[in-house]
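S.K.: Following this message is one structure expressed as structure tokens.
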Amino acid sequence: MVSLMKDQPLVSIIIPVYNGANYLCEAIDSALAQTYKNIEILVVNDGSADGGATEKIVMSYGNKIRYFYKQNGGVASALNRGIQEMTGEYFSWLSHDDVYYPDKVEVQVNFLSNRDNKTIILYSDFDIIDENSRILETRIKGKFKPDFFCIALILSNPLHGCDALVPKRCFEQVGMFNEEMITTNDYDMWFKLALNYQFFHIPQSLIKGRKHKECDSVIKRKLQIEETDNINIYMLDKVGKQQIIKFSNNHLGIFYLKCAFSFAYRQTCTSCYYALRKSFQYIYEDNILNIVCHHAQVFYLYIKLFIVYIILLKNKKNFPINTEG
1 MVSLMKDQPL VSIIIPVYNG ANYLCEAIDS ALAQTYKNIE ILVVNDGSAD
51 GGATEKIVMS YGNKIRYFYK QNGGVASALN RGIQEMTGEY FSWLSHDDVY
101 YPDKVEVQVN FLSNRDNKTI ILYSDFDIID ENSRILETRI KGKFKPDFFC
151 IALILSNPLH GCDALVPKRC FEQVGMFNEE MITTNDYDMW FKLALNYQFF
201 HIPQSLIKGR KHKECDSVIK RKLQIEETDN INIYMLDKVG KQQIIKFSNN
251 HLGIFYLKCA FSFAYRQTCT SCYYALRKSF QYIYEDNILN IVCHHAQVFY
301 LYIKLFIVYI ILLKNKKNFP INTEG
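According to the working numbering, the stretch in the sequence shown is residues 1 to 325, in order.
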């Protein structure tokens with residue numbers, strides 16, 4: 001299939017890697033196998049300490065890829081180095097343990113060809129694979145309209161990250177990945193982008209995201225919960241009240257209740273409590289009797305929330321019952 005876009009933009013696929021000898025070949029091969037050919041592949045070695053195993057794999061590809069080595073600084077710093085070095089118009093992230101389907105970039109470029117405004121971010125559905133590349137499940141996304149993507153980031157986990165295609169110029173507007181965030185730098189970036197640009201969903205699995213015991217979300221689970229709590233609260237405070245009103249049909253109390261349930265489900269206790277307090281505040285202001293009479297879903301939400309909330313309370317010794325909102 002040939003791309004329909006007359007002016008075919010150069011797409012930069014950036015692969016940050018640290019001690020990635022186990023899966024790196026599969027990732028690079030999937031980038032090289034793209035049906036859309038106007039690409040460049042950049043591998044950024046984030047100071048791997050595996051006796052040169054990662055570098056040996058990268059060097060075996062010769063001039064098919066561009067290779068950069070840097071001192072270890074985390075995935076955000078490796079991505080930022082890639083963005084600085086890329087020459088393409090569009091940024092496409094590929095983790096060293098994930099895999100692109102062959103038409104990933106082509107499908108996204110073709111989507112852009114049908115739009116006048118090409119300064120938008122694209123994302124898609126994706127498959128989850130195990131250590132042996134067997135598909136475990138397919139994650140279907142795209143439940144939120146482009147204008148409400150920042151709301152989607154608060155209520156759910158709407159994209160993988162490696163399924164995104166981002167115009168390079170967007171980074172000039174919102175800045176680079178936050179290198180102080182270890183596990184949530186990607187979420188922080190998507191939120192900054194969502195405040196300034198629209199996110200459009202492509203209803204097709206374009207990547208395979210690998211689930212394994214060595215990934216950061218498993219190794220650094222405690223830190224991830226702490227950072228996710230912080231960014232949840234930041235997003236709730238940062239998103240415009242008018243946008244929440246528009247999204248929630250002017251029912252702020254129910255919106256914050258949904259946020260609290262979502263945070264509780266993700267085991268982020270501090271932000272769950274923060275959202276719950278806001279929910280109580282707005283439901284009281286909105287006249288709780290009216291809410292109850294016209295929105296029976298509030299009962300269902302409260303039941304679900306408090307079941308999860310009690311479970312969290314039992315499993316977390318220092319639950320923030322005195323946290324100031």
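A virtual CB, placed ideally from N, CA and C, is assigned to each residue, including glycine.
For my contact list, A53 and L94 are in at a C-beta cut-off of 8 Å; report their separation, rounded to the angstrom.
M.R.: Within the sequence shown, the letter at position 53 stands for residue 53. Within the sequence shown, the letter at position 94 stands for residue 94. Actually they do not touch by this definition, with Cβ atoms about 19 Å apart.
S.K.: Would you grab the beta carbon distance between V44 and V17 for me? Rounded to a whole angstrom, and I think it's under 8 Å.
M.R.: Translated into the one-based positions of the sequence shown, residue 44 becomes position 44. Translated into the one-based positions of the sequence shown, residue 17 becomes position 17. Correct: roughly 7 Å between the Cβ atoms.
S.K.: Are the CB atoms of L165 and Q108 within a distance shorter than 7 Å?
M.R.: Counting from 1 along the sequence shown, the entry for residue 108 is found at position 108. Counting from 1 along the sequence shown, the entry for residue 165 is found at position 165. Contact flag set, yes.
S.K.: Express the C-alpha separation of V58 and A260 in angstroms, rounding to a whole number.
M.R.: Here residue 260 refers to the residue found at position 260 of the sequence shown. Here residue 58 refers to the residue found at position 58 of the sequence shown. Their backbone Cα atoms lie some 44 Å apart in a straight line.
S.K.: Would you tell me roughly how many angstroms separate the C-alpha atoms of Q34 and P102, rounded to the nearest one?
M.R.: The residue you call residue 34 lines up with position 34 of the sequence shown. The residue you call residue 102 lines up with position 102 of the sequence shown. Near 5 Å, if we compare the C-alpha coordinates of P102 and Q34.
S.K.: Nearest CA to the CA of Q173: which residue from V75, N196 and D46?
M.R.: One-based indexing of the sequence shown puts residue 173 at position 173. Measuring from the Cα of Q173, the nearest candidate turns out to be N196.
S.K.: Among L112, F126 and R277, which one has its Cα closest to the Cα of P167?
M.R.: Position 167 of the sequence shown holds residue 167. Looking at the Cα atoms, L112 is the closest of the given residues.
S.K.: Bridge partners of Y67, per DSSP?
M.R.: If you number the sequence shown from 1, residue 67 lands on position 67. Y67 pairs with V43.
S.K.: Going by DSSP, what residue range makes up the beta strand (DSSP E) through L206?
M.R.: For this step, residue 206 is matched to residue 206 along the sequence shown. That run of the beta strand (DSSP E) goes F199 to R210.
S.K.: Please name the residue in G209, E131 and E226 whose C-alpha comes closest to that of T183.
M.R.: For this step, residue 183 is matched to residue 183 along the sequence shown. When each option's Cα is compared against that of T183, the closest is E226.
S.K.: Would you decide whether L136 is buried or exposed? Buried here means 16 or more other CB atoms lie within 10 Å of its CB.
M.R.: The sequence position of residue 136 within the sequence shown is 136, counting from 1. That one is exposed.
S.K.: With DSSP collapsed to three states, give me the class of L252.
M.R.: Walking along the sequence shown from the start, residue 252 turns up at place 252. Helix.
S.K.: According to the neighbour-count rule (16 or more other Cβ atoms, all chains shown, within 10 Å of its Cβ), is K278 buried or exposed?
M.R.: Reading the sequence shown from its first residue, position 278 is the one you call residue 278. The residue in question, K278, is buried, as its Cβ has 16 or more Cβ neighbours within 10 Å.
S.K.: For M235, which residues in the same chain have their Cβ closer than 8 Å to its Cβ, ignoring the five residues on either side in sequence?
M.R.: Here residue 235 is taken as the residue at index 235 of the sequence shown, counted from 1. Once the five neighbours on either side are set aside, the close Cβ partners of M235 are C150, L153, I154 and F191.
S.K.: Helix or strand or just coil, what does DSSP make of P146?
M.R.: As a first step, residue 146 must be located in the sequence shown, where it is residue number 146. Three-state DSSP puts P146 in a helix.
S.K.: For the ligand GTP, any of its heavy atoms closer than 6 Å to the Cβ of H96?
M.R.: The model on display carries no ligand, and the ligand GTP is accordingly not part of it.
S.K.: Quick one: using the 10 Å Cβ neighbour count with 16 as the cut-off for buried, is N232 buried or exposed?
M.R.: Here residue 232 refers to the residue found at position 232 when the sequence shown is read from its first residue. By the neighbour-count rule (16 or more Cβ atoms within 10 Å), N232 is buried.
S.K.: If you draw a straight line from the alpha carbon of Y123 to that of S92, how long is it in whole angstroms?
M.R.: Residue mapping note: residue 123 aligns to position 123 of the sequence shown, counting from 1. Residue mapping note: residue 92 aligns to position 92 of the sequence shown, counting from 1. Approximately 10 Å between the Cα atoms of the pair.
S.K.: Is the beta carbon of A78 less than 7 Å from the beta carbon of D50?
M.R.: By one-based count along the sequence shown, residue 78 stands at place 78. By one-based count along the sequence shown, residue 50 stands at place 50. The answer is no: Cβ separation not under 7 Å.
S.K.: Give every residue of the same chain whose Cβ lies closer than 7 Å to the Cβ of Y256, excluding the five residues on either side of it in the sequence, and list them in chain order.
M.R.: As a first step, residue 256 is located in the sequence shown; it is residue number 256 there, counting from the start. So the qualifying residues of the chain are A275, K278, S279 and Y282.
S.K.: By DSSP's criteria, Y123 is part of a beta bridge. Which residues make up the other side?
M.R.: Here residue 123 refers to the residue found at position 123 when the sequence shown is read from its first residue. According to DSSP, Y123 bridges with H201.
S.K.: Grab me the residues of T268's own chain with a C-beta within less than 8 Å of its C-beta, minus the 5 sequence neighbours each way, in chain order.
M.R.: As a position in the sequence shown, residue 268 is number 268, starting the count at 1. Once the five neighbours on either side are set aside, the close Cβ partners of T268 are I225, T228, D229 and N232.
S.K.: Taking the straight line between their C-alpha atoms, what separation do you get for G47 and L24?
M.R.: Taking the first residue of the sequence shown as 1, we reach residue 47 at position 47. Taking the first residue of the sequence shown as 1, we reach residue 24 at position 24. Cα to Cα, the separation comes out at about 15 Å.
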